[in-house]
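Below is one structure, written out as structure tokens, with a few remarks after it.
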Ligand SMILES: NC(=O)c1ccc[n+]([C@@H]2O[C@H](COP(=O)([O-])OP(=O)(O)OC[C@H]3O[C@@H](n4cnc5c(N)ncnc54)[C@H](OP(=O)(O)O)[C@@H]3O)[C@@H](O)[C@H]2O)c1
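Numbering (the working numbering), first residue to last: -1 to 257.
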């Protein structure tokens, strides 16, 4: 069933309407390891939560406001009855899963990581989706800010405790496309990180969403290239009035042979 599900439905306004498929349209696949989405009340985080929840992944929504997180989780449960969604303040939410997705604006990335830093523990994997768009400092969304560490993902790695590794992913996947649960996806997720096993773990999670294919794009330092693609896509989207994604050609069928 195709539906009008816009990312604004995942607005930070707890009273905002959220349009998802009717009950029963989505049947969750078997459970996988749980994930936490910090910024899960936002456009990308909420849409991702819906897609992952529908794919059988238990999701904890993290927010600066525990009430907002609970509200979003409640609406996701209503929309996807077979899914498992809970909501909590960012701090406790960060302890709830070994996989923590960070989906907050660049301007609040440092502040958010400072808030959750003491809650993160060795062995956890932080999946960073942050794009350092110039819009964070009232500039153009089609431009990228220079980040001293090289990329937002490397900045995140610098701010996380020892033993918490960072993988960057999801920058080129549109929240609007994810939020339209009736839309069949067919695009790549460009994944960067310093350990192949970490990237494979993230690929296992994200490829539970039908139509997403994860591509190993190298070490975390390559995140600066991938992050800049978002600015490029925003320009393309503006020109063609669409929500374009990325699809690499010529790749082998099995991209994660050791998985
Ligand atoms: N939207 C997309 O299509 C897309 C695609 C790929 C990557 N990204 C990247 O993913 C990240 C999240 O994007 P988004 O569009 O989901 O962002 P968003 O909706 O504007 O914000 C996401 C969440 O971040 C939290 N937040 C924490 N500090 C904030 C602050 N100072 N101002 C506003 N919100 C704050 C809010 O949650 P609480 O208030 O509940 O804490 C908010 O719901 C960004 O870095 C973006 O560049 C976005």
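Ideal Cβ positions, reconstructed from N, Cα and C, are used throughout, including at glycine.
Would you mind giving the Cβ-Cβ distance between residue 86 and residue 112, rounded to the nearest angstrom? I have them listed as a contact below 8 Å.
-> That belief does not hold up - the Cβ atoms of residue 86 and residue 112 are roughly 18 Å apart, past 8 Å.
Residue from 207, 237, 257 with nearest C-alpha to residue 45 = 207
Option in 184, 151, 212 with minimal Cα separation from residue 226 = Ranking the options by Cα distance to residue 226, first place goes to 151.
How far does the beta strand (DSSP E) with residue 185 in it reach, from first residue to last?
-> 185 to 191
Can you give the Cα-Cα distance for residue 160 and residue 130, rounded to whole angstroms?
-> 24 Å
By a C-beta neighbour count over all protein chains shown, 10 Å radius and 16 as the cutoff for buried, is residue 195 buried or exposed?
-> exposed
Is the stretch 94 to 106 touching the stretch 27 to 42, taking contact as three or more C-beta pairs under 8 Å?
-> yes
Residue 202: first and last residue of the uninterrupted alpha helix (DSSP H) it sits in = 194 to 204
Indicate the three-state DSSP secondary structure (helix, strand or coil) for residue 228 in the structure shown.
-> helix
State yes or no: is the C-beta of residue 39 nearer than 7 Å to some heavy atom of ligand 1?
-> Residue 39 Cβ: within cutoff of ligand 1.
Whole-Å CB distance - residue 185 paired with residue 210, under 8 Å assumed | The pair is a contact, with the Cβ atoms about 7 Å apart (cut-off 8 Å).
DSSP three-state call for residue 87: helix, strand or coil?
-> Residue 87: strand per DSSP, three-state reduction.
Ends of the beta strand (DSSP E) at residue 75?
-> Here residue 75 belongs to no beta strand (DSSP E); instead the alpha helix (DSSP H) covers 64 to 77.
Find the nearest neighbour of residue 156 within the set 94, 119, 142, 108, judged by alpha-carbon distance.
-> 108
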